[in-house]
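Structure, as structure tokens:
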Amino acid sequence: MLPHWLTHLGGLGLFAVAIFDSSPIPLPLPGSTDLLLLLLVSHHGNPFLLAACAITGSAIGGYITWSAGKKGGEALLQRSVPKRFRARIEHWTDNHSMLSVMVPALLPPPIPLTPFLLAAGALGVSRRRFLVSYNAARLIRYSLVSWAAVTYGRKVVSWWTKNLAEWSGVIGWSFAGLMVAGVIYGIWQYRRQTYDASGKRTMPQEAQA
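Shown next, in the form of structure tokens:
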């Protein structure tokens with residue numbers, strides 16, 4: 001059977017994971033929401049309720065990231081996104097504003113999501129266009145994951161029982177430790193980047209004074 005800690009997370013836990021997974025402080029394991037949704041539905045969870053929890057939580061986390069990009073502007077984008085990717089992301093966002101949000105929100109890892117959401121906010125993608133494209137993509141993605149769990153759920157549970165059941169405690173505590181460490185590091189990194197970006201915006205004013 002699936003690990004005890006996992007089945008007791010339920011919809012509320014999935015909702016919280018989905019918020020962090022799409023926020024400026026992402027979880028250390030890419031695709032955590034997809035994995036948790038898949039496992040919970042496979043363990044006889046309500047596919048409609050769980051998909052709704054994942055979609056709603058992801059919508060909140062994504063909006064927070066878009067808002068952070070809008071507030072921090074291009075200075076935050078420069079601090080948060082590696083230089084080798086930034087030019088392509090900015091070009092894609094400038095020329096295909098809705099697709100630049102919808103495509104990475106629809107595709108699974110390793111396609112990164114946070115840089116595109118930050119770019120959407122920083123480069124002026126409107127709230128309406130962002131919400132329509134992002135939420136449509138998440139609706140499609142998590143509906144498909146939930147369907148896959150219903151269709152192939154028994155195989156998932158069987159595979160887990162056969163290969164990983166005896167390691168469920170180790171996996172659970174490792175995941176929890178990584179989650180806590182990732183959130184703490186993410187908060188520190190995000191606060192540092194936001195502070196640096198704010199400092200860069202105020203420097204020209206200070207120089208003029």
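50 is the number that full-length UniProt numbering gives to position 50 of the sequence shown; each next residue is one higher, with no gaps.
Backbone N, C-alpha and C fix where the C-beta goes; we use that ideal spot for every residue, glycine too.
Rounded to a whole number of angstroms, what is the C-alpha to C-alpha distance between residue i and residue j?
i, j, result
"Val150", "Ala54", "16 Å"
"Leu139", "Arg84", "31 Å"
"Ala24", "Phe48", "For clarity, residue 24 is Pro in the given sequence; the question names Ala instead. Distance between the alpha carbons of Pro24 and Phe48 is about 27 Å."
"Leu164", "Leu40", "Annotation note: pLDDT 46 at Leu164 (below 50); position unreliable, coordinate value reported separately. Rounded to whole angstroms, Leu164 to Leu40 spans 16 Å at the Cα level."
"Val145", "Asn95", "30 Å"
"Trp167", "Ala18", "Any reading at Trp167 must be qualified, since the residue scores a pLDDT of 46, below 50, and its modelled position is unreliable; the value itself is stated next. Spanning the two alpha carbons is a distance of roughly 25 Å."
"Thr93", "Gly45", "37 Å"
"Pro104", "Ile111", "6 Å"
"Ile89", "Gly13", "32 Å"
"Val125", "Arg79", "19 Å"
What residue range does the alpha helix (DSSP H) around residue i cover?
i, result
"Pro115", "114 to 122"
"Asn95", "83 to 95"
"Ile19", "10 to 21"
"Gly73", "47 to 80"
With a threshold of 8 Å on Cβ separation, who are the neighbours of residue i within its own chain once the five nearest residues in sequence on each side are excluded?
i, result
"Ala148", "Leu38"
"Gly61", "Ala18, Ile19, Phe20, Asp21, Ser22, Ser23"
"Leu35", "Leu29"
Of the choices the options, whose alpha-carbon is the least far from that of residue i?
i, options, result
"Leu113", "Leu131, Gln78, Thr65, Ala136", "Thr65"
"Ala16", "Asn46, His44, Leu50, Gly45", "Leu50"
"Pro115", "Leu131, Leu29, Arg86, Ala137", "Arg86"
"Arg127", "Ile89, Gly57, Leu77, Val101", "Val101"
"Ser143", "Ile89, Leu106, Ile111, Leu117", "Leu106"
"Leu77", "Tyr63, His91, Leu123", "Leu123"
In chain order, what residues of the same chain lie with their CB nearer than 6 Å to the CB of residue i, ignoring the 5 residues before and after it?
i, result
"Ala59", "Asn135"
"Asp21", "Leu27, Ser32, Thr33"
Give every residue of the same chain whose Cβ lies closer than 7 Å to the Cβ of residue i, excluding the five residues on either side of it in the sequence, and list them in chain order.
i, result
"Arg129", "Ser97, Met98"
"Gly121", "Trp66, Ser67, Ala68, Gly69, Lys70"
"Gly11", "Leu49, Leu50, Cys53"
"Thr56", "Phe15"
"Pro109", "Pro30, Gly31"
"Ile133", "Residue 133 is actually Ser in this sequence, not Ile. Excluding positions up to five away in sequence, the list reads Met98, Val101, Met102."
Hey, is residue i's beta-carbon within less than 8 Å of any beta-carbon in chain B?
i, result
"Gly11", "Annotation note: the requested chain B is absent from the structure, which comprises a single protein chain."
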